[in-house]
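To keep things clear, I will list the structure first and then write my remarks on it.
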Amino acid sequence: MPGGMEIGDFAMIELKHVTKKYRNKTALEDVSLCFPQGEIVGLFGENGAGKTTLMKSILGFLKYSGEITLDGEKIDWRNIGRIAFATSEHSFFPAMDAEGHKAFYQEHFGTFKEKRFDALMEFFELPANRAIGKFSTGQKNQFEVLLALSQGADYILMDEPFAGNDIFNREDFYKVLLGLLEPSETVILSTHILDDVAQTCPYVCVLRSGRLRYDGATAGLIDGAHGRTWLTPPLMAPPTGAVVVNAATTTQGTRYRIVSAAPPVGSQPVEPTLEDGYMALASDDRARA
178 MPGGMEIGDF
188 AMIELKHVTK
198 KYRNKTALED
208 VSLCFPQGEI
218 VGLFGENGAG
228 KTTLMKSILG
238 FLKYSGEITL
248 DGEKIDWRNI
258 GRIAFATSEH
268 SFFPAMDAEG
278 HKAFYQEHFG
288 TFKEKRFDAL
298 MEFFELPANR
308 AIGKFSTGQK
318 NQFEVLLALS
328 QGADYILMDE
338 PFAGNDIFNR
348 EDFYKVLLGL
358 LEPSETVILS
368 THILDDVAQT
378 CPYVCVLRSG
388 RLRYDGATAG
398 LIDGAHGRTW
408 LTPPLMAPPT
418 GAVVVNAATT
428 TQGTRYRIVS
438 AAPPVGSQPV
448 EPTLEDGYMA
458 LASDDRARA
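Below, the structure written as structure tokens:
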């Protein structure tokens, strides 16, 4: 549970021992976690880690073993309206324009947030009277996010919301997101881009190969790399046994930013970032293998 919170008398989505297999491939393996209401949670992992499978399992799009509940109840037609979903696969009506979608959502969702819809249309600078199917890929992604945020749901699931986007200031959007959310709203942001989590999410869940590897405060994931993050002197090759975070070529060789318990002689300790924390998890996984 993010931040070490205890289960109490408040709204949450809870997963218990969820496993999903596709023939011979295990996409999720015994995943148990909670998403309490009123938080922004980053769901981070490399492509293929199981993020989309987890979200689609919550929504009931996939069959799985285990249990997923909302406030202790099975998620079905009676409470699914409390969850909104923004996906780069898109779920809008391509022949309908933004004004048509607005009218549709107003009719079908009593919680629809008209002022938020209008404000986000202005922020994204989207045309109101053009069929959504004629939008660019980036505009379609933005409109998908706009609809999810305007539905009035308690839980807003965003699966790689800006994948393949046009030139767009993601940082500005995340600032807007932080400013417009109400205390009861929860955003679960699935991404493989660490900057998205670092800027926006105080809590993070990390999936690696279908397994939940971390579930807690983002700062705690960074702390896992303290005392293990180094900048090497110029070298001719990566240090053996270290996880390389990045590298910079110099005239004397290559300096590596690494996660290692035993760095090369002459290495300098550096303050870890979220990327270093994630790479420390990778290092731990490799040590267990």
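In this note's numbering, each residue carries its 1-based index in the sequence shown increased by 177. Quick reminder that beta carbons are idealized off the backbone N, C-alpha and C, glycines included.
Rounded distance between the beta-carbons of residue 348 and residue 376, thought under 8 angstroms:
Working through the sequence shown from its first residue, we reach residue 376 at position 199. Working through the sequence shown from its first residue, we reach residue 348 at position 171. Between residue 348 and residue 376 the Cβ distance is about 6 angstroms, and since that is below 8 angstroms, they are a contact.
CB residue 288 to CB residue 329, shorter than 8 angstroms?
Mapped onto the sequence shown, residue 288 falls at position 111. Mapped onto the sequence shown, residue 329 falls at position 152. Contact check for residue 288 against residue 329 passes: the beta carbons are separated by less than 8 angstroms.
Helix, strand or coil, according to DSSP, for residue 193 in the structure here?
Residue numbering aside, residue 193 sits at position 16 when the sequence shown is read from its first letter. Note: residue 193 maps to strand in three-state DSSP.
Can you have a look at residue 331 and say buried or exposed, based on whether 16 or more other CB atoms are within 10 angstroms of its CB?
One-based indexing of the sequence shown puts residue 331 at position 154. Under this definition residue 331 is a buried residue.
What runs of the beta strand (DSSP E), each 3 residues or longer, lie entirely inside the segment 331-418?
Runs found: 332-336, 363-368, 380-385, 388-394, 406-408.
Taking 8 angstroms as the limit between beta carbons, can you name the residues of its chain near residue 256, skipping five residues before and five after?
Your numbering for residue 256 matches position 79 in the sequence shown. Result list for residue 256: 247, 248, 250, in chain order.
Spatial neighbours of residue 323 within its chain, please: C-beta separation below 8 angstroms, excluding the five flanking residues on both sides.
Residue numbering aside, residue 323 sits at position 146 when the sequence shown is read from its first letter. Cβ neighbours of residue 323 beyond the five flanking positions: 294, 297, 298, 301, 303.
Go through the segment 257-337 residue by residue and report every complete run of the alpha helix (DSSP H) that reaches 4 residues or more, in order.
Secondary structure in the segment 257-337: the alpha helix (DSSP H) runs of 4 residues or longer, each lying completely within the stretch, are 275-285, 291-301, 314-327 in chain order.
Length of the line joining the Cα atoms of residue 278 and residue 268:
Mapped onto the sequence shown, residue 278 falls at position 101. Mapped onto the sequence shown, residue 268 falls at position 91. Going from the Cα of residue 278 to the Cα of residue 268 covers about 11 angstroms.
Assuming contact is defined by CB atoms lying nearer than 8 angstroms, are residue 305 and residue 275 in contact in what I supplied?
Taking the sequence shown and counting its residues from 1, the one referred to as residue 305 is at position 128. Taking the sequence shown and counting its residues from 1, the one referred to as residue 275 is at position 98. Yes, Cβ-Cβ distance for residue 305 and residue 275 is below 8 angstroms.
Just checking my contact of residue 382 with residue 210 at CB under 8 angstroms: how many whole Å lie between their CB atoms?
In the sequence shown, the residue the question calls residue 382 occupies position 205. In the sequence shown, the residue the question calls residue 210 occupies position 33. Sure, about 6 angstroms apart at Cβ, within 8 angstroms.
Taking the alpha-carbon positions, what's the residue 208 to residue 194 distance?
Taking the first residue of the sequence shown as 1, we reach residue 208 at position 31. Taking the first residue of the sequence shown as 1, we reach residue 194 at position 17. Residue 208 and residue 194: Cα-Cα distance of roughly 5 angstroms.
Check whether the segment 411-421 and the segment 388-401 are in contact - that is, three or more C-beta pairs closer than 8 angstroms.
No, the segment 411-421 does not touch the segment 388-401.
Where residue 344 falls, given that 16 or more other Cβ within 10 Å makes a residue buried
Locating residue 344 in the sequence shown gives position 167, where the first residue counts as 1. With a pLDDT of 48 at residue 344, under the threshold of 50, the modelled position of this residue cannot be trusted, and the question is left open.
Which of helix, strand or coil DSSP assigns to residue 468:
The chain is shown from 178 up to 466; residue 468 falls before or after that span and cannot be answered.
Residue 430 bridges to which residues according to DSSP?
Here residue 430 corresponds to residue number 253 of the sequence shown, with the count starting at 1. Per DSSP, 427.
Does residue 483 come out as helix, strand or coil in the three-state DSSP assignment?
Any question about residue 483 goes unanswered here, given that the chain covers just 178 to 466.
Which residues in the same chain have their Cβ closer than 6 angstroms to the Cβ of residue 311, if we skip the five residues on either side of it in sequence?
On the sequence shown, residue 311 is found 134 positions in, with the first residue counted as 1. For residue 311, where only same-chain residues beyond five positions count, there are no Cβ hits under 6 angstroms.
Cα-Cα separation, residue 196 to residue 204
By 1-based counting over the sequence shown, the position of residue 196 is 19. By 1-based counting over the sequence shown, the position of residue 204 is 27. Computed Cα separation, rounded: 8 angstroms.
Same chain, Cβ closer than 8 angstroms to residue 458, neighbours up to 5 away in sequence not counted
Reading the sequence shown from its first residue, position 281 is the one you call residue 458. Spatial neighbours of residue 458 in its own chain (CB-CB distance under 8 angstroms, excluding positions within 5 residues in sequence) are listed in chain order as 383, 385, 390, 391, 398, 401.
For residue 199: DSSP bridge partner residues:
Along the sequence shown, read from residue 1 onward, the residue named residue 199 stands at position 22. Per DSSP, 202.
Is the CB-CB distance between residue 369 and residue 201 below 8 angstroms?
Walking along the sequence shown from the start, residue 369 turns up at place 192. Walking along the sequence shown from the start, residue 201 turns up at place 24. No, the Cβ-Cβ distance between residue 369 and residue 201 is not below 8 angstroms.
With a 10 Å radius around its C-beta and 16 neighbouring C-beta atoms as the bar for buried, classify residue 226 as buried or exposed.
Here residue 226 is taken as the residue at index 49 of the sequence shown, counted from 1. Counting of Cβ neighbours within 10 angstroms places residue 226 among the buried residues, the total reaching 16 or more.
Best match in 361, 206, 350, 333 for proximity to residue 367 [C-alpha to C-alpha]:
As a position in the sequence shown, residue 367 is number 190, starting the count at 1. Of the candidates 361, 206, 350, 333, the one whose C-alpha sits nearest the C-alpha of residue 367 is 333.
Beta carbon of residue 335 nearer than 8 angstroms to that of residue 365
Within the sequence shown, residue 335 is the residue found at index 158, counting from 1. Within the sequence shown, residue 365 is the residue found at index 188, counting from 1. Yes; because the gap between Cβ atoms is below 8 angstroms, this pair is in contact.
Should residue 451 be labelled buried (16 or more other beta-carbon atoms within 10 Å of its own) or exposed?
For the purposes of this step, residue 451 is identified with residue 274 of the sequence shown, where counting begins at 1. Its Cβ being crowded by 16 or more others within 10 Å, residue 451 is buried.
With distance defined between alpha-carbon atoms, name the residue in 435, 270, 212 nearest to residue 379.
Taking the sequence shown and counting its residues from 1, one reaches residue 379 at position 202. Of 435, 270, 212, the residue nearest in Cα terms is 212.
Under the DSSP definition of a beta bridge, which residues are partnered with residue 250?
As a position in the sequence shown, residue 250 is number 73, starting the count at 1. Paired residue(s): 247.
Straight-line CA distance for residue 215 to residue 325?
Your numbering for residue 215 matches position 38 in the sequence shown. Your numbering for residue 325 matches position 148 in the sequence shown. Computed Cα separation, rounded: 16 angstroms.
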